[in-house]
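Everything on this sheet refers to the single structure shown next.
In the numbering used here, the protein residues as written are 368 to 689.
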């Protein structure tokens, strides 16, 4: 009841819905959960932990597979004379979203250890192998798990104090290396096709300005990172533990929808590692002209999502630390 009283004191439930909708209509029983403490900025001890390096390796492999499948799909669509003979833009969007769903499912939580009492709090998520993007970022501040596959997601979670700076930098480096290797393997398979069809590199499409591209990347990344925060929120999971929702599903679906909307504008970055890997392997001047957009945009979008979720939705700064 402490969390409920806190929300009332903050005015969150002062004017509640007369007829609750969505998950609010499925029950009002309070479920206990523990608000995890913020992760330390630096955690030297984790550099001696095997789980730290195991998570980094998992990030590398996951991002490698993500680039391999997604760029191959793009190349398959690009080489066809008739778009009706390929999966088209919808297929490309499904490729990106589906791979995120599968890889987050497989990778998240791989490095961390979930405390025993968490098993009783989150049975649907644990049984489904659901996302715990920072295992001890959400449960304790000692370790955090992998499954980000995106420097923007890592950056957003870092700003929310879900993982340390050391781990955030390590994840980003491994994600970028994995993306470079994934795009490199695609080029090795079919170099002529790869170089002749843009290599899957992100560029602002003709007819759009750099501002258009930057705005599309900011909004697209905001949607993704906000979905990540919502799908892995400890309080939401405790409250809705009776709802069998697989957390990687809304994350993958968010990626799919953003791709549908922004492929015609920028090819859809929302993932600096994905953009960097394709740009390095393709390595043409026009691939680098707009490359800054695919770092600045996602990082701004991730920061806005972190602030919105932590400050507006959860009101973390205003809650007592007792």
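Beta carbons: idealized from backbone N, C-alpha and C, even for Gly.
No experiment lies behind these values; they were computed from the predicted model shown.
| Query | Result |
| --- | --- |
| Expected contact under 8 Å - CB spacing of residue 571 and residue 633 to nearest Å | 6 Å |
| Three-state secondary structure assigned by DSSP to residue 659 | coil |
| Supposed close pair residue 685, residue 545 - CB separation, criterion 8 Å | That pair is no contact at about 39 Å. |
| Span separating the alpha-carbon of residue 515 from that of residue 468 | 11 Å |
| Reduced DSSP category for residue 409 - H, G, I as helix; E, B as strand; rest coil | coil |
| Cβ-Cβ distance between residue 553 and residue 439 below 8 Å | yes |
| DSSP state of residue 315 mapped onto helix, strand, coil | Because residue 315 is not part of the residues shown, which for the chain are 368 to 689, the question remains open. |
| Member of 425, 568 and 661 whose CA lies at the smallest distance from the CA of residue 470 | 425 |
| Secondary structure, alpha helix (DSSP H): runs of 4+ residues fully inside the stretch 565–629 | 577–598 and 601–606 |
| Proximity winner among 641, 453 and 422, relative to residue 714 (alpha-carbon distances) | Since the first and last residues shown for the chain are 368 and 689, residue 714 lies out of range. |
| Limits of the alpha helix (DSSP H) - the one that residue 467 falls within | 455–474 |
| Three or more C-beta pairs below 8 Å linking the stretch 639–655 and the stretch 565–584 | yes |
| Test item: CB-CB of residue 518 and residue 598 under 8 Å | no |
| For residue 560 and residue 666, the rounded distance between their alpha carbons | 31 Å |
| Reduced DSSP category for residue 637 - H, G, I as helix; E, B as strand; rest coil | coil |
| N-terminal and C-terminal residue of the alpha helix (DSSP H) that residue 558 is part of | 558–563 |
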